[in-house]
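Participant: Numbering (the working numbering), first residue to last: 381 to 618.
1) Going by DSSP, name the residue or residues bridged to residue 434.
2) Alpha carbon to alpha carbon, how far is residue 500 from residue 507? Give it in angstroms, no decimals.
3) Shorter than 6 Å, the distance from the beta carbon of residue 464 to the closest heavy atom of the ligand GTP, or not?
4) Take residue 590 as the anchor and find which of 458, 560, 462 has the nearest alpha-carbon.
5) How would you write the range of the alpha helix (DSSP H) that residue 422 sits in, first residue to last?
6) If you count every other CB in all the chains shown that lies within 10 Å of the CB of residue 522, and 16 or more means buried, which is it?
7) Between the stretch 439–454 and the stretch 466–484, do at least 3 Cβ pairs fall closer than 8 Å?
8) Let me know the secondary structure DSSP gives residue 496 once reduced to three states.
9) Which runs of the alpha helix (DSSP H) fall wholly inside the stretch 527–614 and span at least 4 residues, in chain order?
10) Specify the secondary structure class of residue 491 as computed by DSSP and reduced to three states.
11) Looking at the structure shown, is residue 522 part of a helix, part of a strand, or coil, going by DSSP?
12) For residue 477, does the three-state DSSP call read helix, strand or coil?
13) Under 7 Å Cβ to Cβ from residue 545, same chain only, skipping five residues before and after it: list those, please.
14) Does DSSP classify residue 511 as helix, strand or coil?
In structure tokens form, the structure reads like this:
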């Protein structure tokens with residue numbers, strides 16, 4: 381959606397560029413020249429001189445043919461060069477498990493700002509990486525906070541399933557999806573819900589005027605459904 385985002389910025393944004401925070405990604409498994417080319421394309425499609433955050437999308441290519449620690453280090457060092465050039469104001473990772481993070485930390489001069497991992501009610505710390513991020517000063521960010529691509533029974537939905545809908549009845553005017561999102565941000569975890577409708581975008585943002593009780597936080601933390609899909613940690617680590 382980069383071309384659309386870029387067009388929206390050009391056509392609609394009347395404020396200062398510094399008041400926007402634009403994030404984008406490059407594929408995993410790229411070498412240095414491919415990293416430079418991918419980000420050049422990012423900037424072209426966005427119509428921008430720099431992005432505020434640039435991350436590698438996966439600890440390998442999608443086919444896991446370029447999946448070694450050495451490949452991750454090479455890609456990370458290429459991201460650092462883009463950071464030093466000013467074409468990305470911060471850099472990060474996505475889908476990285478503990479060993480993947482340690483692979484790049486051996487050579488990193490810039491610590492990843494963010495690790496974007498699937499996290500939501502029911503997922504638990506599926507890849508056992510949250511403590512690693514905390515120890516290294518990496519911000520853990522939740523993607524799929526409402527479990528959009530997950531497979532689950534209707535009663536386990538994070539939008540209107542039994543658990544979140546019942547808890548929502550204790551907070552005037554709040555919905556099950558808002559309970560699901562509030563659970564994450566109340567832990568200090570940034571979250572990036574996806575929506576195509578203005579009504580849902582506004583609803584997703586309207587989670588900062590209430591606080592979940594400790595009892596409700598505990599109930600949500602004990603949930604094991606909908607489960608997250610593990611597997612990122614199977615990407616080659618040696």
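Even for Gly, the Cβ is constructed at its ideal location relative to N, Cα and C.
Note that this is a predicted model, so its numbers are computed, not measured.
Facilitator: Answer, in terms of the structure:
1) Bridge partners of residue 434: 404, 471.
2) 13 Å
3) With respect to the ligand GTP, the structure offers nothing, as it holds no ligand at all.
4) 560
5) 412–426 is the extent of the alpha helix (DSSP H) around residue 422.
6) buried
7) In the pairwise beta carbon analysis, the stretch 439–454 is classified as touching the stretch 466–484: at least three pairs are separated by under 8 Å.
8) strand
9) 542–548, 556–565, 578–585, 594–602
10) coil
11) strand
12) coil
13) 556
14) helix
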